[in-house]
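S.K.:
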Amino acid sequence: MRRGQFDPHKYALHTLITIVILLLLVPVLQASQMRELEVGVAVTPSYKKEADWKSTFEQRLAYASKIFENEFGIALKPKVYWDWPVYDESADMDTLFADLTGRYPLRDVDIVIGLSGITEEAAANVLEDRHILGRARPFVGYLVLRKPINGLFKIQQETVLLHELGHLFGAVHTGAPKTIMAPIVDRQIPSRFDDVNREIIKITRAINFKNGADALDQNSARFLLNAYKQLIHEGQSYEFYYAMGNFYLRLGQTHNALTALKKAVQLEDKSGFLHHDIGVLYLKMQKNDEAITHLNRAIALFQNKPAYQAYRASAYQMLGRAYFEKGSYNAAQHNWLEALSMQPDHLDLRVSLAAIHLKEKRYLEAVNQLNTVLKAGGRGPRLYNGIAIAYYEMGDYKKAIEFFKKALSVPAEDSGALSSLDNTSPTEVYLHLGFAHMHLENWNEALVNFETACRMDQSSGCQLQLGKVYFQLKRWKDAVDALMPALKQERRNADLYGMVSTALIQMGDDENAERILKAAIRNVQNRQTQALFHSNLGNIYLKKHDADAALREFRFSVDKKWDHVSGHIGMALAYLGLDDVNNARQAIRQALVINPNEPQAKRIAEKIG
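According to the UniProt record's numbering, the sequence shown is numbered sequentially starting from 1.
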């Protein structure tokens, strides 16, 4: 709120257009039951210096309640009073606001009002600082009121309370003079809302302040956004653009939300919480460098301000995450330890530190860190999955299986996951279970878990693992069905070609096996691997009694890998198919030079002499 003159005609046409738009968009508010909001009141020692402070405040709250009851069906009732041992009553309103929100969570009350005195130092700035008398942010459930400095302003205390309660429900500054949401403090006591803000509060009257802007459904957010767009003018504060940013976020419009928050920070660059929230938004957008810039700015602005300790700890936590995502693990650890020093009971920070241990392959330290969280009461799939991964990497597959199963048995936690511990979707956990059972050669158990994972995820990667298990179990057709989609995505994967061609040969499907082997020779660049594929292709031609084609493939095989025994044996068999015994003898002798104990070569040598 500020003191000054206002041109009553400046926004007349603008407001008229706005009202028409709003009336078209908003349905008529139906009659509803009275909503009673229980108010917690935090009072500083200086505010209590006047003997009648409590009765005076309750009269003002009753006056505000009467207007809200008549306009919106909202009653305001004081429930509890607290002593507010504010860190620094001379601080700016943002700092007082942070102090209030940090001390008094919305548990047993619906909203909290902080009553503060005003020091001589702060009073000297009252004419320059429009927020010196009152401050509220839309939908957060908190507002701060300061006692006016002289009698001239006492009559405005009712106006300030009404005005800030309006902000609490999302109302914004208006160009309509002599209304509650006019952005000035004069000597009148306006008792009505302008038409635009009246419609806004009708939409938000049922909001649960414990959930903040997240309590708004998308239709409400869309309406409020349209209303705010109509009211953008020079008189709006940074909270206006901050609220717009929240509306955009509710609608999934991240880039527009960022634009709104940037506008807010242009108006109030020294607001640490704004830089904090912009940094978090950049982090969600995976723009880590920009996130780091704003989070560092937030930390600097929160420095030496005890009221902002929770915000500062959060900024360090988010900064650690940004560095973690960049792979700067030392910087991530430094910032997480800073956050932990302020919030030693913050279990998620300990899980984050364990993520660094996992990345740096310090698996035993990761297990110890995560077990500390378990002993402190931590639960959730991210925690169990982290322990399981550590055991898996240490080769303790039985322990890994135990904790992977626990990860599947508990509900997801609310906290955001880090990239090294975020494989807690059921699909990823089932895949890990499958791998652990593969290492223990529990093929049937591995199969059950891979099949479960692949029902949730039809990606080629999942099908590849499933196909490998089918191959081990000699379920040839299932192996081919699972591996073929993966082969289309990984055309240079020699192992895939080998498994698919082998499975087709075992099924007796030599025609498709021949096609796959020819594709393998074209796409796989390794000469030794190509030698194996030529040899397998030669065996198919031998089965077809095509000795010339078989000989050609076996020659390719030994040209690319001279010590490939199977290639020389194949050449001998192909020569025999062509009745060329001399060359068959020469080929089989070469096979025995390479491996004198090769049983098939010895049998052929005995047969042809």
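Think of the CB as a built atom: it goes at the ideal place given N, C-alpha and C, for glycine as much as any other residue.
Every value quoted in this text rests on a predicted model; they were computed, and no experiment measured them.
I need the boundaries of the beta strand (DSSP E) containing GLY142, first residue and last residue.
M.R.: Residue 142 is actually Tyr in this sequence, not Gly. Element bounds for TYR142: 142 to 146.
S.K.: With 16 as the cutoff for other CB atoms within 10 Å, does GLN449 come out buried or exposed?
M.R.: In the sequence under discussion, the amino acid at residue 449 is Asn, which differs from the Gln named in the question. So ASN449 ends up on the buried side.
S.K.: Name the DSSP bridge partner or partners of ARG137?
M.R.: DSSP output for ARG137 lists no bridge partner at all.
S.K.: Among the candidates ASP579, ILE604, ASP580, HIS545, whose CA atom is the shortest distance from the CA of SER566?
M.R.: Comparing Cα-Cα distances from SER566 to each of ASP579, ILE604, ASP580, HIS545, the minimum goes to ILE604.
S.K.: At 4 residues or longer, and completely inside the segment 340 to 415: list those alpha helix (DSSP H) runs for me, N to C.
M.R.: The segment 340 to 415 contains these whole alpha helix (DSSP H) runs: 347 to 359, 363 to 375, 381 to 393, 397 to 409.
S.K.: Candidates PHE247, ASP563, ASP92, LEU496: which alpha carbon is nearest GLU268's?
M.R.: The option with the nearest alpha carbon to GLU268 is ASP92.
S.K.: Hey, would you say PRO138 sits closer than 8 Å to HIS167, going by beta carbons?
M.R.: Yes. Within cutoff.
S.K.: Measure the C-alpha to C-alpha separation of THR387 and LEU370 and round it to an integer number of angstroms.
M.R.: The residue you asked about is not Thr; residue 387 is Ile in the sequence shown. Taking the straight line from one Cα to the other gives about 7 Å.
S.K.: With a floor of 4 residues, list each alpha helix (DSSP H) that falls wholly inside the segment 447 to 499, ordered by position along the chain.
M.R.: Taking only runs of at least 4 residues, the alpha helix (DSSP H) segments lying wholly in the segment 447 to 499 are 460 to 472, 476 to 489.
S.K.: Alpha carbon to alpha carbon, what distance is there between SER46 and LYS147?
M.R.: Rounded to the nearest angstrom, the two C-alpha atoms are 9 Å apart.
S.K.: Please tell me whether LEU301 and LYS262 are closer than 8 Å, where the distance is taken between their beta carbons.
M.R.: No, they are not a contact pair.
S.K.: What three-state label does DSSP hand SER566 in the structure shown?
M.R.: Residue state, collapsed to three classes: helix.
S.K.: Once the 5 residues before and after GLY378 are set aside, which same chain residues still bring their CB inside 6 Å of it?
M.R.: Hits under 6 Å: LEU347.
S.K.: From LEU496, ILE203, ASN211, pick the residue whose C-alpha is nearest to that of ASN226; which is it?
M.R.: When each option's Cα is compared against that of ASN226, the closest is ILE203.
S.K.: According to DSSP, is ILE207 part of a helix, a strand, or is it coil?
M.R.: Coil, per DSSP.
S.K.: Which of the three DSSP states is assigned to residue 612 in this structure?
M.R.: Lying before the first or after the last residue shown, residue 612 is absent from the chain, which here runs from 1 to 609.
S.K.: Between which two residues does the beta strand (DSSP E) holding ASP289 run?
M.R.: No beta strand (DSSP E) holds ASP289; the alpha helix (DSSP H) holding it covers 288 to 302.
S.K.: Per DSSP, what are the beta-bridge partners of LYS77 in this structure?
M.R.: DSSP, once it has assigned bridges, lists GLU38 as partnering LYS77.
S.K.: If you count every other CB in all the chains shown that lies within 10 Å of the CB of PRO306, and 16 or more means buried, which is it?
M.R.: With fewer than 16 Cβ atoms within 10 Å of its Cβ, PRO306 is classed as exposed.
S.K.: Pull the bridge partners of ILE111 from the DSSP assignment, please.
M.R.: For ILE111, which the question treats as bridged, DSSP gives the partners VAL39.
S.K.: According to DSSP, is TRP82 helix, strand or coil?
M.R.: Looking at TRP82 - three-state DSSP - the assignment turns out to be strand.
S.K.: Which whole runs of the alpha helix (DSSP H) in the UniProt repeat "TPR" (238 to 271) are 4 residues long or more, in chain order?
M.R.: Here the runs fully enclosed are 238 to 250, 254 to 267.
S.K.: Measuring CB atoms only, is the segment 196 to 213 touching the segment 92 to 104, in the sense that at least three cross pairs come out at less than 8 Å?
M.R.: No, the segment 196 to 213 is not in contact with the segment 92 to 104.
S.K.: How many whole angstroms separate the CB atoms of PRO381 and VAL410, which I take to be in contact at a CB cut-off of 8 Å?
M.R.: Rounded, the Cβ-Cβ distance is 6 Å, consistent with contact.
S.K.: Report yes if the C-beta distance between LYS474 and GLN528 is below 8 Å; otherwise report no.
M.R.: No; because the gap between Cβ atoms is not below 8 Å, this pair is not in contact.
S.K.: Helix, strand or coil: which one does DSSP assign to LEU116?
M.R.: Position check: residue 116 holds Ser in this sequence, whereas Leu was assumed. Three-state DSSP puts SER116 in a strand.
S.K.: Roughly how many whole angstroms lie between the Cα atoms of PHE435 and VAL469?
M.R.: When rounded, the distance between both Cα atoms is 10 Å.
S.K.: According to DSSP, simplified to helix, strand and coil, what is ASP88?
M.R.: It is coil, neither helix nor strand.
S.K.: Just confirm the distance between the C-beta atoms of PHE404 and LEU447, as a whole number of angstroms; I'd bet it's less than 8 Å.
M.R.: Not quite, the Cβ-Cβ distance comes to about 16 Å (not below 8 Å), so this is no contact.
S.K.: Measuring only the C-alpha atoms, how far is VAL112 from ASN442?
M.R.: Roughly 59 Å between the two C-alpha positions.
S.K.: Please list the terminal residues of the continuous alpha helix (DSSP H) segment that includes TYR541.
M.R.: Start and end: 527 to 543.
S.K.: Return the CA-CA distance between SER90 and ILE118, expressed in angstroms with no decimal places.
M.R.: Spanning the two alpha carbons is a distance of roughly 7 Å.
S.K.: Do the CB positions of HIS275 and VAL265 come within less than 8 Å of each other?
M.R.: It is a contact, given that the beta carbons lie within the stated cut-off.
S.K.: Please classify ASN335: is it buried, with 16 or more other beta-carbons within 10 angstroms of its beta-carbon, or exposed?
M.R.: Answer is buried; the Cβ neighbour count reaches 16.
S.K.: Among the residues of its own chain, which have a CB less than 7 Å from the CB of LEU504, if the five just before and after it don't count?
M.R.: Cβ neighbours of LEU504 beyond the five flanking positions: VAL480, ASN512, ALA513, ILE516.
S.K.: Give me, in chain order, the residues of the same chain whose beta-carbon lies closer than 7 Å to that of ILE67; leave out the 5 immediate sequence neighbours on both sides.
M.R.: LEU162, SER191.
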